[in-house]
Amino acid sequence: MLVGKTEAGANVTIDGIAVENNFGNFSSQIKLSEGRNNITVGSKDRAGNTITRAISVLLDTTPPSIILLSPQNNTVSTQKVRITIKSEDGVYLTVNARKATPEVGGIFYFDVDLMRGGNNFTIIATDAAENAASKEMTIEYIPPKLSEPPSGNDGTLIFLLGLITTITLLILFGIYLMRHKKGSV
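If you use the numbering used here, the sequence shown corresponds to residues -15 to 169, in order.
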């Protein structure tokens, strides 16, 4: 709806089409197309004086895009992860209701510490026209496995080290007992 004021009794046109002047007030439904719309409003009073105004209106009903750049797959083995998202310049982007950090070219990042298992994220991008888009993602954090005990020949080495430690302790205990016996006589 285009609404305006002019002199009472003046002839008003919008894009060359006459509209009713109701005591200096006028209005008209304007059909806008997606993108930039140029509208010309003219007014001519009874004395023949004219004025023309050009208005540019941007209609944006398209929500911003959300493209997940990283992590590439939804399973990671590191607890600290940077989620990287591509959208459009000028959008406000959140991950789980917390603002993501913008970079040049519509790139956003969000650093997060994951918990073991599935970690759910809701990404919302809102542009200047308040169009919003959302995307859900889950990142599965599987911590790396601890290394297993050595096998094969390494197992023999561990057995020998244990045996040597046991023999050493027995010898030290025997020396201790011999010294104690001598001191008590």
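Think of the CB as a built atom: it goes at the ideal place given N, C-alpha and C, for glycine as much as any other residue.
I believe residue i touches residue j by the beta-carbon criterion, under 8 Å. Please report the beta-carbon distance rounded to the nearest angstrom.
i          : j           : result
residue 24 : residue 38  : 5 Å
residue 92 : residue 84  : 4 Å
residue 63 : residue 95  : Incorrect: roughly 11 Å between the Cβ atoms, too far for contact.
residue 61 : residue 126 : 6 Å
residue 19 : residue 43  : 7 Å
May I have the straight-line CA-CA distance separating residue i from residue j, to the nearest angstrom?
i           : j           : result
residue 156 : residue 163 : 11 Å
residue 48  : residue 103 : 24 Å
residue -4  : residue 115 : 33 Å
residue 57  : residue 99  : 17 Å
residue 106 : residue 78  : 8 Å
residue 75  : residue 122 : 23 Å
residue 28  : residue 111 : 39 Å
Here's the rule: buried if 16 or more other CB atoms are within 10 angstroms of the residue's CB, otherwise exposed. What is residue i?
i           : result
residue 184 : Residue 184 lies beyond the range of the chain shown here (-15 to 169); nothing can be said about it.
residue 160 : exposed
residue 195 : Residue coverage of the chain in this structure runs from -15 to 169, which leaves residue 195 outside it and unanswerable.
residue 41  : exposed
residue 31  : exposed
residue 169 : Confidence is the limiting factor: at residue 169 the pLDDT is only 47, short of 50, which leaves the residue's position unreliable, though a coordinate-based value still follows. Residue 169 is exposed by the Cβ-count criterion.
residue 71  : buried
residue 109 : buried
residue 67  : buried
residue 50  : buried
residue -2  : buried
residue 118 : exposed
Would you kindly report the start and end of the unbroken beta strand (DSSP E) that includes residue i?
i           : result
residue 124 : 116 to 125
residue 28  : 19 to 28
residue 9   : 9 to 12
residue 70  : 64 to 70
residue 37  : 34 to 43
residue 101 : 101 to 110
residue -1  : Counting along the chain, residue -1 falls outside any beta strand (DSSP E), and DSSP gives it neither H nor E.
residue 73  : Per DSSP, residue 73 belongs to no beta strand (DSSP E) and is neither H nor E.
residue 96  : 91 to 97
In three-state DSSP terms, what is residue i?
i           : result
residue 163 : helix
residue 143 : helix
residue 148 : helix
residue -14 : strand
residue 155 : helix
residue 54  : strand
residue 79  : strand
residue 86  : strand
residue 169 : The predicted position of residue 169 is uncertain, since its pLDDT is 47 and thus under 50; no value can be drawn from it.
residue 46  : coil
residue -9  : coil
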